[in-house]
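**Q** Quick one: the structure is below, questions incoming.
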Amino acid sequence: MSYISKILFFVYFFILLTGCQQSNQQINASYKPSKLSFFVDKRFTDLDSAIVEISNQLLLNIPSTSQKQNKLILTTFVDLNTLSKTSSVGRIISESLIDELHSKNFKILDFRMQEVITVNSQGEFSLSRDINKLKDEVPEALIVVGTYALIDDNTMVLNARIMNTFTSDVISTAKVIYTYKNCQEFDICKTTEKPKITPPNQIKILDDK
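Numbering (our numbering) for the sequence shown: 255 to 463.
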């Protein structure tokens, strides 16, 4: 290859490389993320709507194979600050999610089913939280866990995730902001301790005579 041919080759290569960079820049500049690829703090004033949104996000984020091949066990939503404490709102969210996720073709497994039906003067019962009345073994399933945390006087953030119990892998996630009207309805009112007032030290006045 002659000297001139080499120069022409490098000029051609440089032009080609520059064109590729410009093409990549145009592609990157025109790229817009899908609106479905993220959720920006969706806020709700109705608990039912917040629960529906949680189920929608869990459905959207889970791989289709995981949804078809696995059953779900729902656990009670817990206080984020303790992880071992819940309230009526935590129980309501979990119970309502059973309906919402089942309607979206998730396979739901309720491990609270007793081995036998309990019958007494108050009625007939199949569900229980008494571990002695539950089945010894539960089929393999994914777990739905959730937390709630108060972020101000009347607002809480709800987080949910579907997890693999054996690997602890997070399969799907959801997050919403819920604003409520009355904290007493869900037994989640913040308790403020009254400051203890320490009486002042008594000063004895002596009569110097």
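Quick reminder that beta carbons are idealized off the backbone N, C-alpha and C, glycines included.
What residue ranges within the segment 331-379 form continuous alpha helix (DSSP H) runs of no fewer than 4 residues, ordered along the chain?
**A** Counting only runs of 4 or more, we get 342-357.
**Q** Mapping the DSSP letters down to three states, classify Asp407 as helix, strand or coil.
**A** It is coil, neither helix nor strand.
**Q** Could you check which residue in Glu354, Lys322, Asp441, Thr329 has the C-alpha nearest to that of Glu307?
**A** Among Glu354, Lys322, Asp441, Thr329, the Cα nearest to that of Glu307 is on Glu354.
**Q** Is DSSP giving Ser426 helix, strand or coil here?
**A** Strand at Ser426.
**Q** Going by DSSP in three states, Ile316 sits in which element: helix, strand or coil?
**A** Here Ile316 sits in coil by DSSP.
**Q** Closest to Thr329 by CA distance: which of Arg415, Cys437, Asp441, Tyr432 is it?
**A** Of Arg415, Cys437, Asp441, Tyr432, the residue nearest in Cα terms is Arg415.
**Q** Express the C-alpha separation of Val398 and Ser320 in angstroms, rounding to a whole number.
**A** Whole-angstrom Cα-Cα distance: 13 Å.
**Q** Lys325 lies in the beta strand (DSSP E); which residues open and close that run?
**A** Lys325 -> beta strand (DSSP E) spans 325-328.
**Q** Check Asn436 in the structure and name its three-state DSSP category.
**A** Three-state DSSP puts Asn436 in coil, outside helix and strand.
**Q** In this structure, does DSSP put Ser304 in helix, strand or coil?
**A** Residue identity differs from the one stated: residue 304 is Ala in this sequence, not Ser. Ala304 falls in the helix class under three-state DSSP.
**Q** For the segment 415-430 and the segment 379-398, state whether three or more C-beta atom pairs, one from each stretch, are separated by less than 8 Å.
**A** Output reads yes: the segment 379-398 touches the segment 415-430.
**Q** Where does Ser348 land, buried or exposed, given buried means 16+ other C-beta within 10 angstroms?
**A** It counts as buried.
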